[in-house]
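2 is the number of the first residue of the sequence shown in the working numbering; add one for each residue after it.
From the three backbone atoms N, C-alpha and C, an ideal C-beta is built for every residue, glycine too.
Down below is the structure, laid out as structure tokens.
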Amino acid sequence: MTNKIEELQSKRKILFTRLTKVGDFRRGTISVNYRKCGKAQCWCAKEGSRGHGPQYIWSTKVNNKSVSKNLRMGPELEKYAGETESYRKFSELCKEMIKLNEELCNISLAIEPESEEELEAMKKKLPETIQEETQKEIETMLKIIFRARKLKGKDDLEALEMLIRTGMHKIGSRLLEKFLNSEEYISPSQVEVCSDGHPMKYIEEREKEITTVVGKIRLRRKYYYDSKCGKGFVPKDCELGIDGSSLSPGVRRIIGIVGSNRSFSLSEADISELSGLQINSKAIERNCHKLGKEVESYVNQLEQDNPSESNSIMYISMDGTGVPVLKTETAGRKGKQENGESKTREVKLGCVFTQIELDKNNRPERQENSTTYVGAIESSEEFSKRLYAEAQRRGIERAKEVCIIGDGAKWIWNIAEENYSYTGIFERAIQIIDLYHAREHYWDCARAVYPSYRKKQSKWAERRKRELDDGDVEAVIRAIKRLSPKNEEAEQVCKSTINYFKNNKERMRYNTFRAKGLFVGSGVIEAGCRSVIGQRLKQSGMHWSVSGANTIIALRCLIKSHRWEDFWEAKSAA
2 MTNKIEELQS
12 KRKILFTRLT
22 KVGDFRRGTI
32 SVNYRKCGKA
42 QCWCAKEGSR
52 GHGPQYIWST
62 KVNNKSVSKN
72 LRMGPELEKY
82 AGETESYRKF
92 SELCKEMIKL
102 NEELCNISLA
112 IEPESEEELE
122 AMKKKLPETI
132 QEETQKEIET
142 MLKIIFRARK
152 LKGKDDLEAL
162 EMLIRTGMHK
172 IGSRLLEKFL
182 NSEEYISPSQ
192 VEVCSDGHPM
202 KYIEEREKEI
212 TTVVGKIRLR
222 RKYYYDSKCG
232 KGFVPKDCEL
242 GIDGSSLSPG
252 VRRIIGIVGS
262 NRSFSLSEAD
272 ISELSGLQIN
282 SKAIERNCHK
292 LGKEVESYVN
302 QLEQDNPSES
312 NSIMYISMDG
322 TGVPVLKTET
332 AGRKGKQENG
342 ESKTREVKLG
352 CVFTQIELDK
362 NNRPERQENS
372 TTYVGAIESS
382 EEFSKRLYAE
392 AQRRGIERAK
402 EVCIIGDGAK
412 WIWNIAEENY
422 SYTGIFERAI
432 QIIDLYHARE
442 HYWDCARAVY
452 PSYRKKQSKW
462 AERRKRELDD
472 GDVEAVIRAI
482 KRLSPKNEEA
492 EQVCKSTINY
502 FKNNKERMRY
512 NTFRAKGLFV
522 GSGVIEAGCR
532 SVIGQRLKQS
542 GMHWSVSGAN
552 TIIALRCLIK
562 SHRWEDFWEA
572 KSAA
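In structure tokens, the structure reads:
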């Protein structure tokens, strides 16, 4: 094997020498043209005449556009003819050089031991080789550092940091490449089988360039083929988690965390600045969507995660928030625009958190890091299944008390009372309408009935506040009935508000809820709508597909639920 490498290296030296002797060259070809002027009396019109000429034309392509030039006979023609011939020789030598180098690379990367003794020798030599390359890289960096200090007369810390980071990445990539390509020799005769149990035939070793957190490396892998399935298989790609991808798991992790927080175009710049990796925004977008689907599958398979304690109170809260989508995603849907169209789709977001004790002021206190999120653009029925699964993961059966908090949206209380195919799972839950949302309703009446009298509005609403805080919903209803609306619009506001309080009165016994030490506000889920959804999916100029939005929502819910590390550990263990 060593002799073969030396032979190829010798041929390469000869090719390099021949390349240096090619001389000046230019691309293109020279053609010889004859033309007929079209005059009947001219000799070129006679039969057998080729026409006026010869005319020598040099032509080539620049940026996919044809470029040509008429050449004068004599020195100019001879010069162009010589240069184009030199280019032809240069091209042939380059092709030969590429072929030879590929053969050399394949052999040098795939030096396979012919005996156990040779294998052991290769293993022992690897650390020595890596140390030599590391030493060379460090020496190169030091030369640059001392040269810069001499020129500037001082140290530039920022430049030094970035230089050393680049150098360390170069060392790291070489170390990683050599380590991954130095595995013990696997005999091509080893039998690999596909998922259907068919034996696969070893074909050859193939290289693959992948981007890692320390830079690009070339990976050597064994390629097998299953003739029955008509598919190829690379065991090493599956083992390393790079099957169907040119990005390492570490890079995909970086993409996931950055791309879930920033727009894809800004993520490209952030990743470049923070890690030195050049990954375009489209690749970031594709990988974020792919990760989002993997996250969805992972969460669905979770059995129990961060389960509640037996003495805890579990809160389940829901809300909806609009996300801008592509026009095709709102076709046929009624919206709030003047023309009746919609520009958004509603994301249903749910959260689960727990409370064990009260704070020093006897107010309910949420357990630290106890909040987990689920969400998607989907129907209420589908979302109820998602939320139910999360409540189960969090140990709803173990909780001392279960509370459902939300605003007045009908779909929230449909889930709470019916929970669709899971009827009764929340039947023991205490249902609480967000206090601040309830207050907004009687304020709507005050503004409608006393539109020009702010003092009257405040005085009337203040009395309703005391009644509502005391859980006396009936008193609030009676007060609204006593109002004298001056127009049909105000009358309609009062009627709808009365119905609202009647339909939700048992969810507004705030004196009882507070006596039990319970939360009466939906601040956690409202903040979640802003932090989990709004900060990433509602930026200026964004328009999502439903599937694209859902993958990013899945990513953000996982991260905000403190499951990011667990997700990657599960992927590594798979």
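Decide if Pro200 is buried, meaning its Cβ has at least 16 other Cβ atoms within 10 Å, or exposed.
exposed
Looking at C-beta atoms only, is the number of pairs between the stretch 405 to 414 and the stretch 323 to 338 that lie closer than 8 angstroms three or more?
no
I need the straight-line Cα distance from Ser139 to Glu129, nearest angstrom please.
According to the sequence displayed, residue 139 carries Ile and not Ser. Spanning the two alpha carbons is a distance of roughly 15 angstroms.
Exposure of Met315, with buried meaning 16 or more beta-carbon neighbours within 10 Å:
buried
If we cut at 8 angstroms on Cβ distances, does Thr18 have a partner in chain B?
No chain B appears in this structure, which consists of one protein chain only.
In angstroms with no decimal places, state the Cα-to-Cα distance between Met509 and Trp545.
37 angstroms
Pairwise C-alpha distance: Trp569 and Glu489:
60 angstroms
State yes or no: is the C-beta of Ile285 within less than 8 angstroms of the C-beta of Leu278?
no
In this structure, how does DSSP classify Val235 when only helix, strand and coil are distinguished?
coil
If you run the structure through DSSP and keep just helix, strand and coil, what is Pro200?
strand
Cβ-based neighbour list, Cys230, same chain, cut-off 7 angstroms, excluding 5 preceding and 5 following
Cys195, Asp197 and His199
For my contact list, Ser249 and Val296 are in at a C-beta cut-off of 8 angstroms; report their separation, rounded to the angstrom.
With a Cβ gap of about 18 angstroms, Ser249 and Val296 do not count as contacting.
Just verifying my parser: in three-state terms, what is the DSSP assignment at Gly216?
strand
Measuring only the C-alpha atoms, how far is Lys572 from Gly216?
22 angstroms
List the DSSP bridge partners of Pro365.
Leu359
Nearest-angstrom Cβ-Cβ length linking Glu77 and Phe26, presumed shorter than 8 angstroms:
With 8 angstroms as the limit, Glu77 and Phe26 do not qualify as a contact, their Cβ atoms being about 16 angstroms apart.
Ile499, DSSP secondary structure in three states:
helix
Where in the stretch 397 to 470 do unbroken runs of the alpha helix (DSSP H), each at least 4 residues long, occur, reported from the N-terminal end onward?
411 to 418, 436 to 450 and 455 to 470
Can you check DSSP and say which residues form a bridge with Pro486?
The partner list for Pro486 (beta bridge, DSSP) is empty, contrary to what the question assumes.
Just to check my reading of the structure: Gly323 and Arg346 have Cβ atoms closer than 8 angstroms, yes? What is that Cβ distance to the nearest angstrom?
7 angstroms
Specify, as a first and last residue, the run of the beta strand (DSSP E) that Gly524 falls within.
Looking at the DSSP string, Gly524 is not in any beta strand (DSSP E); the run it does join, the alpha helix (DSSP H), is Gly524 to Gly529.
Measure the C-alpha to C-alpha separation of Met169 and Lys209 and round it to an integer number of angstroms.
22 angstroms
Can you tell me which residues form a DSSP beta bridge with His53?
Arg36
Where does Ala575 land, buried or exposed, given buried means 16+ other C-beta within 10 angstroms?
exposed
What's the C-alpha gap between Val494 and Ser380?
29 angstroms
Using only the alpha-carbon positions, how far apart do Gln302 and Gly522 sit?
32 angstroms
Per DSSP, cross-strand counterpart(s) of Cys352:
Ser318 and Tyr374
Spatial distance of Arg455 from Ile481 (CA atoms)
17 angstroms
Reduced DSSP secondary structure (H/G/I, E/B, other) of Ile211:
strand
Over the uninterrupted beta strand (DSSP E) stretch that includes Leu164, give me the two end residues.
No beta strand (DSSP E) holds Leu164; the alpha helix (DSSP H) holding it covers Leu158 to Leu181.
Put Glu97 into one of helix, strand or coil per three-state DSSP.
helix
Where Lys5 and Arg263 are concerned, what is the direct C-alpha to C-alpha distance, given to the nearest angstrom?
52 angstroms
Need the endpoints of the alpha helix (DSSP H) that Asn301 sits in, please.
Ser282 to Gln302
How do the stretch 471 to 486 and the stretch 555 to 564 stand: do at least 3 beta-carbon pairs fall below 8 angstroms, yes or no?
no
At least 3 beta-carbon pairs within less than 8 angstroms: the stretch 379 to 395 vs the stretch 356 to 363:
no
Hey, would you say Lys344 sits closer than 8 angstroms to Gly321, going by beta carbons?
no
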